[in-house]
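First comes the structure, then the notes that go with it.
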Amino acid sequence: MYRNLLIVCLLGMLPAGSSLAAEPPTAPLSAETEECIGCHISVTPGIVKDWSASRHQRMTPGRALQRPEIERRISVQQVPDKLSRVAVGCYECHSQNPDRHADNFEHMGYRINVVVSPNDCATCHPVEVKQYSGTKKARAHGNLMDNPLYMTLAHSILGSKSVEDGVIVSADASENSLRETCLGCHGTRVEVRGMKTISTPFDDIQVPDLTNWPNQGVGRINPDGSLGACTSCHPRHEFSIEVARKPYTCAQCHLEPDVPAWNVYKESKHGNIYLSKWKEWDFTAVPWVMGEDFRAPTCAVCHNSLVTNPDGDVIARRTHDFGARLWVRLFSLVYSHPQPRDGDVTVIRNADGLPLPTTFTGQPATEYLIDGPVAEKRQAAMVAVCNGCHSTDWINGHFDKLDRTIEETDRMILTTTRLMTEVWERGIEDGTNPFDETIEKMWLKQWLFYGNSIKYASAMTGAPDYAAFKNGWWEMSRNLREMADMMDIKGKLKEEEAE
Amino acid sequence: MYRNLLIVCLLGMLPAGSSLAAEPPTAPLSAETEECIGCHISVTPGIVKDWSASRHQRMTPGRALQRPEIERRISVQQVPDKLSRVAVGCYECHSQNPDRHADNFEHMGYRINVVVSPNDCATCHPVEVKQYSGTKKARAHGNLMDNPLYMTLAHSILGSKSVEDGVIVSADASENSLRETCLGCHGTRVEVRGMKTISTPFDDIQVPDLTNWPNQGVGRINPDGSLGACTSCHPRHEFSIEVARKPYTCAQCHLEPDVPAWNVYKESKHGNIYLSKWKEWDFTAVPWVMGEDFRAPTCAVCHNSLVTNPDGDVIARRTHDFGARLWVRLFSLVYSHPQPRDGDVTVIRNADGLPLPTTFTGQPATEYLIDGPVAEKRQAAMVAVCNGCHSTDWINGHFDKLDRTIEETDRMILTTTRLMTEVWERGIEDGTNPFDETIEKMWLKQWLFYGNSIKYASAMTGAPDYAAFKNGWWEMSRNLREMADMMDIKGKLKEEEAE
Amino acid sequence: MYRNLLIVCLLGMLPAGSSLAAEPPTAPLSAETEECIGCHISVTPGIVKDWSASRHQRMTPGRALQRPEIERRISVQQVPDKLSRVAVGCYECHSQNPDRHADNFEHMGYRINVVVSPNDCATCHPVEVKQYSGTKKARAHGNLMDNPLYMTLAHSILGSKSVEDGVIVSADASENSLRETCLGCHGTRVEVRGMKTISTPFDDIQVPDLTNWPNQGVGRINPDGSLGACTSCHPRHEFSIEVARKPYTCAQCHLEPDVPAWNVYKESKHGNIYLSKWKEWDFTAVPWVMGEDFRAPTCAVCHNSLVTNPDGDVIARRTHDFGARLWVRLFSLVYSHPQPRDGDVTVIRNADGLPLPTTFTGQPATEYLIDGPVAEKRQAAMVAVCNGCHSTDWINGHFDKLDRTIEETDRMILTTTRLMTEVWERGIEDGTNPFDETIEKMWLKQWLFYGNSIKYASAMTGAPDYAAFKNGWWEMSRNLREMADMMDIKGKLKEEEAE
């Protein structure tokens, strides 16, 4: 009897909520991976130890496939035999598909890829990679870089400036500054220029010479031609589901002032409960059981995780298509609108021929955007999550409020755009580049900063002070008033000059 | 002996600081609550599971009354027999005082209130509800909505705008935008319009049709006529004392730029220690023992919790009157001043007849504000908390610094107000609405944003960079200079126009 | 066997990663400290209990010296016999070097120092104190207060203002406002004015009358003449290495908008991993083992902690010279430049004779700054830390990016400074005080706020949105454009006036 109690006692000391009790603590390594580790435990111990804390180190793909389907973190149905019985180690990932990898090189007798790409991860996680490949995130590089209007904005912001006779002249943004800002989130183009010799603490070695590297942006163009970086959200080398499910991951990019998702979340009721209680929750369980593993949503709960109720019924299916539960695009360009049909949004043209999903007067480019039935299906997927904790009446009240707020915010943006148009028509500023002069920049803040803030705050059921004073209505009405004053001042001085 | 050790061992595995070791893990449910849960575990599992983690689920009011008075979380002296021996479940809360509830409706054979109000919570927690009812928080809806001057500001910020001949015309704020911003914190008026049919995932049901719902603002006007929402700070359905004691709860509303309590706290020494060490502390113990349960204050420690020293001597008594330990109102309207006598501040008129606690020149509306002896008593209550960790000389030095900083900040606000007055007198802007033009909005920032920031930073012994560069003195002097420039520019153009 | 299992079981319940298993839980107290505690457990229980949770309470210096050198938190080689066998208690610290302490006073029969200074801590920690004494931090008070140019800025920001005939007149900053802002981080001058009587809750007592007290700034000038406050980072009375290693400590001062280290860190990949995973890490281990005790860096890892790999090889040596691993000073004054040679930077004069490390055109004051070999050595110390987790190619790519970004940012600052110079030359604003007028304040934001943000974001491998929209390139280009507009507007009005 004491023996049994002792076993209970020892098991009880596992971290709360751990579902690993029955799993072996480690998996056999391939000979190749053992050799990698043999050196790298000294060369880069942090990487090796981070991986040692990972599920990749504990599980073989073969064992993973023995779990019930709903508990699997692997979506392939069969794994190549060679991979099946060993841990997912250095060599297993860095040696996939060598012929597709322009960054493959000879390293200590092995052919190694520098950049492990989504296409490599697809060996075991094909469903996730496929879902992801159709998203705006996967296309984030091109969606920015191939949109001439957005690039006009990027160059205005980042280009090197000089002042000549009081006139500001701007060069184009450098590759470096794009990489440090926009492409830090959107992803760079990583290409192989050739080989180069570098001096490590141990030896001089030959490695591929990569452009725009390092980078972990969501739409990175990889040397094997694939799009994205799984490490954007599952940082190397633990590739943790816990990290991806915590809001700090999303908060690397979805931030004040333009995409203030995290800023709004942490001030919301949901954010308050998360920040107060997360210590008691389980961020690794699959499936993720609402009410047991967590008791308030993080970003992942609402947007992409596989969530069940305590009886095991699926509330929401896992998706790596981050738009799968989104119908309206809150993000104003220049106004909110139905989500784009396709992850590649460079094809969109509004009625004025501009590569924008709405016109300056608010008309949506309907043929490029999802229609009502698709929107309803997506909203239903989200509402199912809300319904786990909230009554239907509550949810209806919430989304009704959101609809009104989008409408009121867009009306305010329209008023501002009319003022902007007057500024252009009167020749006070020059609309050829709509983003480079003072009043133009004030106009941009109305939709890209303040409008988004108000809409995000509404959508996440919280952050009323954020929508009021911090970055919302107060700023919007203050800024509009200053735009009118500035139009007046610049206009009068221009008239005087003309006299 | 092994047996005893095992028991020690098993008890030792309870969460550190747990005071629940001796309590049964669960309490019997009423038949009604069992029936609620029978459906709702499927309908809204998140709510049920959240409640399952609550003390309400573990304790009966009867057992709660057997604890020594200082350990009680219940302030009633006797509980109705029916409630005494069962857990505080769905039905126990949602069925109270049905005749007072306009939102009471027939649901599955029971008469259910949608909105559980402070008056319902008072069945077991009457002292807290009574204390709360006299506060500015309980009156937060009316204190805003019934103050014509504040509503002028709200309409200026939130009202739908149009530009006609370069002139900005503003409508009044919509009910929706008020609810999304001001009333998100202050609380909405929830009234019953009638009944309506809604389609849930299970069936079509009839429910009361509520205005401005959902909402959890501190001064919510409930369908039973009571004021407030206990869920503002004790979120449903765990109603956790831990959440209320953590600063994220206060931080839902007390935020940058107008009330930057959280922003200052997290940059302060107290905030640093909290953020670094909270994992080792106990946020559920009653009484809350200074030095044992926590080692640096959160908002609740200083402002309202029952705090004792390790010997059990009371350092501070529990209060849900959040002004009970406050003497000066740092929050500038337009200047700092003694706290209002009464939670209902709509009665206040300053010497100029305006509904403000000070005049534009800084004269306090003394008859509506607390006097010296009351202020001293309140300050003594706060100082007792400080004294738990700081010497008298330290505390004196701190509050002396605060007094000087209030005086210096208010002097800067007065200088700005004089400039503003000149702008009005010269007709550069029109003071009829003192909040809607450019220089007026700059003036407001001086006291509502920057002045408050400097004072809060001083009061919370920290955040020197916040008071310097982030949102304090730098902004205050920069903004004053820009106001003077703008007065000059607008004034000159106005003169030219007049010529 | 059960007995052994039980011991395993009980040991297992210690906090994860605890290295204290083998240490006695407490150390004997000196008779003096026992007497202090006898009263102070009632007078200031929070202090006593905070100390009770400290290593100072558990360890004697004598026992500390028995640990292998690499595990020691004490750097003296021999401790005076009287201190060696007792806990480091109240009396042990507050009685050191009484003759050097102007703040020493008679208290309950003992001679007590109010302010425990670095020189007192040096009894056991001499290496740390010596390292610290040579830093910019130790000199932070004088480095600000003795630099006339910086004081011009401080007075412009903090001085009491009045408006006379539309002209803003500024007094000098008060001692109080300096203490609440700049000197909150930089440290005040704490001097003894004499003795005074104060009324504590227990009695009236005589204590030294200290100026500018309390204060915990990094360059505090203490009553014994020493510089600094160890409590800036190791808050009283736990003096915790855990707190100092967590980023919230650095974040008390290194904050948006001027020194946005924390703001950038928390948005970076490193910050994301820290915020998601810290609960599993050990912040008290000495040495601090990369990959075992932590798996992503906090500020302390990169800048000053003793870090080893899992084999015990030293990756980085402990230093309390916070510049020891820094070569370039990102912080723009007005441009980035090699780190100063000496902690006392008041000696620096640029080619124009100003007390700045660069001229307004970007020329560094080379003779006061470190040279190439020193810079290389420091960079190598930092790279060694990076190398724990990143390949050489990755690190090269990172620092190459940083170099380019510094260059691009400084070029933008130079463009702005040229515009500023034109404003001065045309008499639009008066450069006698370069910090007090509108365009001048806009100029300052370019380098002190936006330039620093871009550079910090680059250095910490993250925060691309911070560098893009939040406080970097967007603001920089927007602000430059507004400066040009303001120059135009103010210039034209000035011309008209002159006509």
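One line per chain: the protein sequences are A, B and C, in this order. Numbering of the first sequence is given in this note's numbering, commencing with residue 18 and proceeding in unit increments. Numbering of the second sequence is given in this note's numbering, commencing with residue 18 and proceeding in unit increments. Numbering of the third sequence is given in this note's numbering, commencing with residue 18 and proceeding in unit increments. Ideal Cβ placement from N, Cα and C applies to all residues, glycine included.
Proximity of residue i and residue j at Cβ, strictly below 8 Å
{"i": "residue 204 of chain A", "j": "residue 232 of chain A", "result": "yes"}
{"i": "residue 335 of chain B", "j": "residue 326 of chain B", "result": "no"}
{"i": "residue 81 of chain A", "j": "residue 75 of chain A", "result": "no"}
{"i": "residue 123 of chain B", "j": "residue 47 of chain B", "result": "no"}
{"i": "residue 439 of chain A", "j": "residue 446 of chain A", "result": "no"}
{"i": "residue 379 of chain B", "j": "residue 431 of chain B", "result": "yes"}
{"i": "residue 151 of chain B", "j": "residue 420 of chain B", "result": "no"}
{"i": "residue 142 of chain B", "j": "residue 130 of chain B", "result": "no"}
{"i": "residue 153 of chain B", "j": "residue 468 of chain B", "result": "no"}
{"i": "residue 165 of chain B", "j": "residue 372 of chain B", "result": "yes"}
{"i": "residue 96 of chain A", "j": "residue 79 of chain A", "result": "yes"}
{"i": "residue 219 of chain B", "j": "residue 60 of chain B", "result": "yes"}
{"i": "residue 43 of chain B", "j": "residue 217 of chain C", "result": "no"}
Supposed close pair residue i, residue j - CB separation, criterion 8 Å
{"i": "residue 479 of chain A", "j": "residue 287 of chain A", "result": "7 Å"}
{"i": "residue 234 of chain C", "j": "residue 202 of chain C", "result": "6 Å"}
{"i": "residue 57 of chain B", "j": "residue 105 of chain B", "result": "So it is not a contact: roughly 16 Å between Cβ atoms."}
{"i": "residue 157 of chain A", "j": "residue 176 of chain A", "result": "Contact doesn't hold; Cβ gap of about 21 Å is too wide."}
{"i": "residue 14 of chain C", "j": "residue 256 of chain C", "result": "Nothing can be reported for residue 14 of chain C: it is not among the residues displayed for chain C, which extend from 18 to 516."}
{"i": "residue 254 of chain C", "j": "residue 67 of chain C", "result": "5 Å"}
{"i": "residue 293 of chain C", "j": "residue 259 of chain A", "result": "6 Å"}
{"i": "residue 450 of chain A", "j": "residue 191 of chain A", "result": "Rounded, the Cβ-Cβ distance is 18 Å, inconsistent with contact."}
Short CB-CB distance (under 8 Å) between residue i and chain A
{"i": "residue 407 of chain C", "result": "yes"}
{"i": "residue 411 of chain C", "result": "yes"}
{"i": "residue 211 of chain B", "result": "no"}
{"i": "residue 253 of chain C", "result": "no"}
{"i": "residue 292 of chain C", "result": "yes"}
Interface flag, residue i vs chain B, CB-CB below 8 Å
{"i": "residue 189 of chain A", "result": "no"}
{"i": "residue 193 of chain A", "result": "no"}
{"i": "residue 55 of chain C", "result": "no"}
{"i": "residue 38 of chain C", "result": "Residue confidence is low: residue 38 of chain C scores 45 on pLDDT, short of 50, so the model does not pin down where it sits. Its coordinate-derived value is still stated next. For residue 38 of chain C, the answer is no, since every Cβ of chain B falls outside 8 Å of its Cβ."}
{"i": "residue 270 of chain C", "result": "yes"}
{"i": "residue 153 of chain C", "result": "no"}
{"i": "residue 429 of chain A", "result": "yes"}
{"i": "residue 404 of chain A", "result": "yes"}
For residue i: DSSP bridge partner residues
{"i": "residue 479 of chain C", "result": "C:285"}
{"i": "residue 206 of chain A", "result": "A:238"}
{"i": "residue 223 of chain C", "result": "C:214"}
{"i": "residue 130 of chain B", "result": "B:121"}
{"i": "residue 375 of chain C", "result": "C:381"}
{"i": "residue 346 of chain C", "result": "C:354"}
8 Å Cβ cutoff, residue i in contact with chain C
{"i": "residue 499 of chain A", "result": "no"}
{"i": "residue 283 of chain A", "result": "no"}
{"i": "residue 360 of chain A", "result": "no"}
Unbroken stretches of the alpha helix (DSSP H), 4 residues or longer, contained in the stretch 254 to 336 of chain C: Unbroken alpha helix (DSSP H) runs of no fewer than 4 residues, entirely contained in the stretch 254 to 336 of chain C, are found at 258 to 262, 264 to 267, 278 to 284, 286 to 294, 316 to 320, following chain order.
Runs of alpha helix (DSSP H) lying entirely within the stretch 94 to 118 of chain B, each at least 4 residues, in chain order: Within the stretch 94 to 118 of chain B, the alpha helix (DSSP H) runs of at least 4 residues that lie entirely inside it are, in chain order, 98 to 101, 107 to 111.
Output the residue ranges of the alpha helix (DSSP H) runs that lie fully inside the stretch 158 to 197 of chain C and measure 4 residues or longer, sorted by chain position. Complete alpha helix (DSSP H) runs here, min 4: 165 to 175, 192 to 197.
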